[in-house]
Structures are given as C-alpha cells and as structure tokens.
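In what follows, a single structure is set out as structure tokens and then discussed.
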Amino acid sequence: MKEIIISTSCKTEWVATEDKLACTVGSGKARVFATPMLCALMENAAMNCIESFLEGDETTVGTYIAIDHTSATPCGMKVWAEATVTAVNGREICFEVKAYDECGEIGKAEHKRFVVYAQKFQQKADSKGKN
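Heads up: the sequence shown begins at 64 in my numbering, then just goes up one per residue.
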C-alpha cells in the first residue's frame with residue numbers, strides 16, 4: 064500500500080432509482096432513498112477515495128460506520144457522497160463522509176475501512192463453518 068494522504072477526498076454520485084428505495088430494499092414502506100443504500104453510497108465513496116493507493120491484491124473492507132440519515136430523498140433525485148480521509152492507523156483508514164441530494168445535505172457518517180489481501184481474505188471467509 065502506498066502512503067495514504069490525510070484529507071484525500073472523493074465524490075460518488077448515484078440517482079435514487081426504484082431499486083434504491085426503502086420500499087424496495089425492505090427497510091421501510093416509504094418511496095424514498097433507503098438508509099441502507101445511503102450507507103452503501105457512503106462506503107462506495109470511501110472505497111473509491113483510496114483505490115489508487117492500493118497495490119497488487121490489496122482491497123478494502125468496511126469495518127465500522129456510524130450514520131445519521133437526516134433528510135428524505137424522493138425517487139429520481141440525484142444523490143452523492145463526499146468522503147475524506149481523516150486518519151490512517153496502519154491498515155485502518157478513517158473517513159468523514161457527507162451525503163447530499165439536489166436540495167442539500169441528507170446525511171453524514173464516520174466510517175472505517177481496513178486494507179486486506181483480497182484472495183487471503185476471501186479464502187478465510189469461504190472456509191467459515193467448514194471445520
């Protein structure tokens with residue numbers, strides 16, 4: 064892994080389509096952008112933020128997220144998340160993430176990701192329960 068620079072940031076943009084609504088993903092009955100999808104959007108922004116620092120078989124996995132979903136977004140509206148690296152502790156990377164729709168801020172989160180070796184990580188996960 065290359066040295067990750069504090070304050071590195073990235074933006075990921077989606078649209079609140081039918082497949083991302085609370086009533087579709089099972090997190091509620093409302094036809095609004097679902098909290099689980101907001102979480103995924105925020106994780107995606109953080110993941111993309113540090114992708115260029117990874118080498119070889121390295122990838123990152125989310126290990127922690129504390130999220131506030133503060134405003135509902137209707138179907139069809141653009142949403143985006145902006146992730147910023149706030150700390151690097153060895154292989155653990157910490158982020159501040161803010162999310163918006165076309166009318167303003169819709170959420171914020173603290174998020175942590177951990178750098179792992181993809182093949183080794185997958186083998187360990189696949190072996191769960193087989194012993």
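Note that CB positions come from ideal geometry on N, CA and C, so glycine has one too.
Check	Outcome
Name the residue from Asp82, Thr147 and Arg94 whose alpha carbon lies nearest to the alpha carbon of Asn107.	Thr147
Note down the Cα distance separating Asn111 from Pro99, rounded to an integer number of angstroms.	18 angstroms
How many Å lie between Glu118 and Ala129 at the Cα?	28 angstroms
Hey, how far is the Cα of Ala109 from the Cα of Lys92?	28 angstroms
From which residue to which residue does the beta strand (DSSP E) around Glu145 run?	Lys141 to Asn152
Check for me: the beta strand (DSSP E) holding Cys138 runs from which residue to which?	Premise fails: Cys138 is in no beta strand (DSSP E) and is neither H nor E.
Looking at the secondary structure, which residues open and close the alpha helix (DSSP H) in which Thr75 lies?	Counting along the chain, Thr75 falls outside any alpha helix (DSSP H), though it belongs to the beta strand (DSSP E) covering Ser72 to Val78.
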